[in-house]
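Residue numbering for the sequence shown follows my numbering, starting at 4 and increasing by one per position. Note that beta-carbon positions come from the ideal geometry of N, C-alpha and C, so glycine has one too. Have a look at the structure below, then the notes.
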Amino acid sequence: MLSVFDLFKIGIGPSSSHTVGPMRAARRFADLLQARDLLPMTTRVCIELFGSLAATGQGHGTDGAVLLGLEGAAPESVDPQTIRPRCAQIQAEQRLRLAGGHAIEFIARRDLLFQRRHSLPHHPNGMRFTASAADGNALALEQYYSVGGGFVVSEAEAGQGAGPSESTAAVPYPFASAADLLAHAERSGLTLAALALANETARAPEQDVRRRLLEIWQVMHACIARGMVAEGHLPGSLHIPRRARQLAATLARAGADPLATLDRVNLWAIAVGEENASGGRVVTAPTNGAAGIIPAVLKHYVAGVPGADDDGIVRFLLVAASIGMLYVRNASVSGAEVGCQGEVGAACSMAAGGLAEVLGGSPRQVENAAEIAMEHNLGLTCDPVAGLVQVPCIERNAMAAVKAINAARMALAGDGTHFVSLDKVIRVMRDTGADMKSKYKETARGGLAVNVIEC
Ligand code: SF4
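Right, here's the structure in full:
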């Protein structure tokens with residue numbers, strides 16, 4: 004069973020699969036060299052990026068992520084402001100400090116290879132790290148896959164069919180499907196939030212779980228706040244001006260508008276999307292490309308629902324994470340594997356379920372909300388222009404946040420009875436992703452990515 008803290012991870016932008024995952028993989032390789040006492044003999048490390056990582060890695064900051072990961076940086080603790088300067092320094096000095104200490108020569112054109120024409124067998128986001136001694140002999144070779152949401156699996160784990168499992172404690176309400184969750188709820192009389200909390204408290208004291216979830220919310224909220232005041236342009240070749248600050252100013256001047264709620268939700272989602280695109284501190288939820296949706300919908304709850312409180316924030320996140328676990332387990336949250344339906348679609352579904360829960364929805368209404376939200380994201384392709392997590396990603400977060408609120412309201416208007424189950428729609432999403440041509444799966448070779456001219 005995954006934990007809520009596997010779904011919501013504090014990290015850095017712009018991409019969970021192309022930035023957070025590769026940094027974690029690189030650090031894992033450096034730790035492995037250290038654990039095997041190979042660091043003193045290592046004189047060179049060659050990094051090869053395959054498939055989608057090679058196709059869009061430069062726009063997603065994969066190159067800087069792997070270099071800092073080899074130096075021992077972790078996404079949750081690295082200062083986002085230091086990544087680019089340190090990366091430039093490594094390249095200029097041609098020196099890299101493996102695991103934070105052992106210095107080796109690093110020549111980017113020789114040691115960081117984008118294998119655009121090749122893929123590794125188990126996932127489009129493959130990486131190979133090779134450490135060599137002075138005589139050229141390989142000391143260690145490892146392949147990793149960044150399978151979405153910042154999760155990483157090794158070649159051996161992928162070969163055994165192991166999914167991204169990071170928590171091993173036994174829980175009182177294990178589930179593999181939404182049907183399992185509903186059955187637990189029916190038998191126990193508990194809400195979905197209470198079930199999820201019981202699972203989490205099998206691993207940690209309740210007060211710690213609540214404290215950490217409120218910290219997650221604080222990081223989300225701080226991200227919204229930073230995004231609303233930041234000025235300038237987004238990084239990369241598109242030279243897109245940031246617009247959240249302007250949207251906030253316009254909203255502040257606007258009079259009474261019955262649809263101002265939509266404008267606010269749009270603003271909050273865009274603020275996070277722009278922070279993410281700028282490589283800032285964000286919460287992966289369940290990915291970085293889709294990181295604006297859950298904060299925007301949760302802020303809508305906090306700012307707009309009478310009686311909203313910390314307990315509601317905790318319940319929202321617990322339920323959203325439970326739904327996210329179903330996507331990780333039974334489909335994918337990787338744009339490179341199933342397209343944007345797995346990123347923005349899954350986040351929309353998670354947010355809809357979380358909101359339905361805190362608005363008083365029954366377990367069946369919550370499941371219905373999550374299902375509606377995904378049903379109307381099916382087929383969504385991943386075609387980021389210039390390989391940057393900007394167009395269509397940032398606006399798409401705003402559209403999905405509004406859709407999540409609508410899905411929750413539609414579900415709450417019914418009694419929970421509905422035609423398509425969440426489990427079925429997750430299966431359909433997985434199968435649709437499998438049928439999707441690779442040019443629509445985070446390769447920047449189809450859709451908007453090839454039909455919008457870069458200026
Ligand atoms: S289009 Fe969607 S899946 Fe692709 S990078 Fe953007 S947010 Fe992620």
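Assuming the contact rule is C-beta atoms closer than 8 Å, residue i and residue j should be a hit. Round their C-beta distance to whole Å, please.
i      : j      : result
Ala161 : His125 : 4 Å
Leu241 : Gln393 : 6 Å
Phe53  : Glu145 : Not confirmed; about 13 Å, so no contact.
Gly345 : Gly356 : With 8 Å as the limit, Gly345 and Gly356 do not qualify as a contact, their Cβ atoms being about 16 Å apart.
Ala263 : Ala404 : Going by Cβ atoms, the distance from Ala263 to Ala404 rounds to 15 Å, so no, they are not a contact pair.
Ser6   : Arg206 : 6 Å
Pro17  : Ala68  : Not a contact, Cβ separation roughly 10 Å.
Asn269 : Ala401 : 4 Å
Met328 : Ser352 : With a Cβ gap of about 12 Å, Met328 and Ser352 do not count as contacting.
Lys12  : Thr290 : Lys12 to Thr290, Cβ: 10 Å. No contact.
Cys396 : Gly235 : Going by Cβ atoms, the distance from Cys396 to Gly235 rounds to 18 Å, so no, they are not a contact pair.
Val305 : Ala311 : 5 Å
Ala179 : Arg332 : 6 Å
Gly449 : Glu340 : Wrong, their Cβ atoms sit about 15 Å apart, outside the cutoff.
Gln94  : Ala77  : So it is not a contact: roughly 21 Å between Cβ atoms.
Glu79  : Gly151 : Contact doesn't hold; Cβ gap of about 17 Å is too wide.
Just to confirm the assignment, what range does the beta strand (DSSP E) spanning residue i have?
i      : result
Glu108 : His105 to Glu108
Gly129 : Gly129 to Ser135
Ala141 : Ala141 to Gly151
Arg206 : Taken as a continuous stretch (DSSP letters only), Arg206 belongs to no beta strand (DSSP E), as it is neither H nor E.
Thr65  : No beta strand (DSSP E) holds Thr65; the alpha helix (DSSP H) holding it covers Thr65 to Leu73.
Lys12  : Lys12 to Ile15
Val325 : Note that residue 325 is Ser in the sequence shown, not Val. No beta strand (DSSP E) holds Ser325; the alpha helix (DSSP H) holding it covers Asp313 to Asn333.
Ser157 : Phe154 to Ser157
Val285 : Arg284 to Thr287
Taking 6 Å as the line, does the beta carbon of residue i fall inside it for any heavy atom of the ligand SF4?
i      : result
Pro124 : no
Pro289 : no
Glu445 : yes
Pro387 : yes
Glu340 : no
Val331 : no
Cys90  : no
Cys226 : no
Val347 : yes
Val392 : yes
Cys396 : yes
Cys343 : yes
Gly75  : no
Gly292 : yes
Identify the continuous alpha helix (DSSP H) that holds residue i and give its terminal residues.
i      : result
Val453 : Leu451 to Asn454
Leu99  : Premise fails: Leu99 lies in the beta strand (DSSP E), Arg98 to Leu101, not in any alpha helix (DSSP H).
Thr420 : Thr420 -> no alpha helix (DSSP H), and no H or E assigned at all.
Arg190 : Ala181 to Ser191
Met4   : It is not in any alpha helix (DSSP H) - Met4 carries neither H nor E in the DSSP assignment.
Arg30  : Gly24 to Ala38
Asp264 : The sequence shown places Thr at residue 264, rather than the Asp named in the question. Per DSSP, Thr264 belongs to the alpha helix (DSSP H) from Ala263 to Ala280.
Asn291 : Run containing Asn291: none; DSSP gives neither H nor E here.
Cys343 : No alpha helix (DSSP H) contains Cys343, which DSSP labels as neither H nor E.
Asn371 : Pro366 to Glu378
Going by DSSP, what residues sit across from residue i in a beta bridge?
i      : result
Gln118 : Phe53
Lys406 : None, per the DSSP bridge assignment.
Cys396 : In DSSP, Cys396 forms no bridge with anything.
His236 : Pro244
Arg112 : Bridge partners of Arg112: none, in fact.
Lys442 : BP columns for Lys442 are empty, so no partner.
Val48  : Ala134
Cys226 : Bridge partners of Cys226: none, in fact.
Cys385 : Lys444
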